[in-house]
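K.L.:
Here the sequence shown stands for residues 2 to 259, numbered as in the numbering used here. Before we start, here is the structure in question, set down as structure tokens.
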Amino acid sequence: MVKTSTLSMLVACPFLALGVQGEGANVTCPEYRQFNPSRFEAEYVDDEGLSIQYMAPNGCECVEGMDDMHCKFCETDEGCQSENANQFCRRGVTVHANDTYKSFKCRLSPVLELLMPRGELSLHMDQINRSAHMVLYNWEMAEPINGGHAIECNFYGCDMIPGEQDVTCEESVCDCTDQCSDFSNNIVLYMSGHEAFFNVTGDGVGEHHVELHMEGAPFDIAAICTASACVEGLGLDLNKNMTSFDLQGVGNSTEVGK
């Protein structure tokens, strides 16, 4: 079976995605996205240097209340309900039985920030397909969609166990864009084909130490993240415990939204 990049499929096959038909252009947006004509025709980089085509490919931007590269990081119940009136936003890193996914929005650790200024990390875990998709991207890279991020990894055979926070994936497939140096590209190639382990520990108060171990990588991926997901439920106690956790223990983490 050919394993295709999630990002590549979104860009190459927007017409196959389910969603709302955009007026004024033959574009069908994926779930939790809406068509914005001004973004469809916009330059690749806005006044602040942000890649519009990267965050809103084919003019499909996140609906209000949803954020991040995948547009599945929920910030409000209303964002989730743009697709399903019975969905609510659950915040936190713990896996629940009725989760279909977890979306992580991250900023890089101070050490990685030196290597990638304004860098961010986006991680999406799909519980149904037992897969995950991670992208390290850099707003300083003012390039079109194929060059707007530095490293993209897809993970397969991922176990998201209800009640747990740790996730193990059987295989990783990583690619480096033309923004990577030859040295970085060689490192990323070595990372592919190996097991990946997302380890989360903490004191139960809300501070979490998370390490992404990838065999073949010279260091653990480090970032400070928050996690959320749209879930079906009664909406009771789902908006509490927005947990900010620290990958590889860099910096202090706090629990907000309590």
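Positions of the beta carbon are idealized from the N, C-alpha and C atoms, including for glycine. Owing to the predicted nature of the structure, the values given are computational and were not obtained by experimental measurement.
#1: By alpha-carbon positions, which one of Thr-101, Glu-84, Asp-69, Thr-95 ends up nearest to Ile-165?
#2: Gly-194: which of Phe-156, Glu-65, Thr-169 sits nearest, CA to CA?
#3: Using a Cβ-Cβ cutoff of less than 7 Å, which residues in the same chain neighbour Gly-158 once the five nearest sequence positions on both sides are dropped?
#4: Below 8 Å on the Cβ atoms is my contact criterion, and I expect Phe-36 with Cys-61 to pass it. Report the Cβ-Cβ distance as a whole number of Å.
#5: Could you check where the beta strand (DSSP E) with Cys-107 kicks off and where it finishes?
#6: For Asn-186, collect the residues of the same chain with a Cβ closer than 6 Å to its Cβ; drop the 5 residues on either side in sequence, then sort them by chain order.
#7: Specify, as a first and last residue, the run of the beta strand (DSSP E) that Ser-123 falls within.
#8: Looking at the unbroken alpha helix (DSSP H) that takes in Ser-185, where does it start and where does it end?
#9: Where does Glu-49 land, buried or exposed, given buried means 16+ other C-beta within 10 angstroms?
#10: With DSSP collapsed to three states, give me the class of Gly-93.
#11: Going by Cα to Cα distance, which pick from Pro-31, Cys-30, Ile-188, Met-135 is closest to Arg-108?
#12: Spatial neighbours of Asn-200 within its chain, please: C-beta separation below 6 Å, excluding the five flanking residues on both sides.
#13: Are the Cβ atoms of Val-189 and Ile-222 separated by less than 8 Å?
#14: With DSSP as the reference, label Glu-65 as helix, strand or coil.
#15: Where does Asp-221 sit, in a helix, a strand or coil, going by DSSP?
#16: DSSP on Gln-82, reduced to helix/strand/coil?
#17: Distance check for Tyr-138 and Glu-32, CA to CA, integer angstroms please.
#18: State yes or no: is the C-beta of Cys-76 within less than 8 Å of the C-beta of Asp-68?
#19: Please classify Ala-86 as buried or exposed, where buried requires at least 16 neighbouring CB atoms within 10 angstroms.
P.N.:
Let's see:
#1: At residue 165 the sequence reads Glu, which differs from the Ile that was named. Out of Thr-101, Glu-84, Asp-69, Thr-95, Thr-95 has the C-alpha closest to the C-alpha of Glu-165.
#2: Phe-156
#3: Setting aside the 5 residues that flank it on each side, Gly-158 is surrounded in the same chain by Arg-131, Cys-170, Glu-171, Glu-172, each with a C-beta closer than 7 Å to its C-beta; the list follows chain order.
#4: 6 Å
#5: 102 to 109
#6: Cys-177
#7: For Ser-123, the enclosing beta strand (DSSP E) stretches over residues 120 to 127.
#8: 183 to 192
#9: In this prediction, Glu-49 scores a pLDDT of 44, lower than 50, which makes its location untrustworthy; the coordinate-derived value is nonetheless stated afterwards. Flag for Glu-49 reads exposed.
#10: Coil at Gly-93, not helix or strand.
#11: Met-135 is the residue among Pro-31, Cys-30, Ile-188, Met-135 whose C-alpha sits nearest the C-alpha of Arg-108.
#12: Asp-167, Glu-212
#13: no
#14: Coil, per DSSP.
#15: coil
#16: helix
#17: 22 Å
#18: Looking at the sequence itself, residue 76 is Glu, so the reference to Cys does not match. Yes, the Cβ-Cβ distance between Glu-76 and Asp-68 is below 8 Å.
#19: exposed
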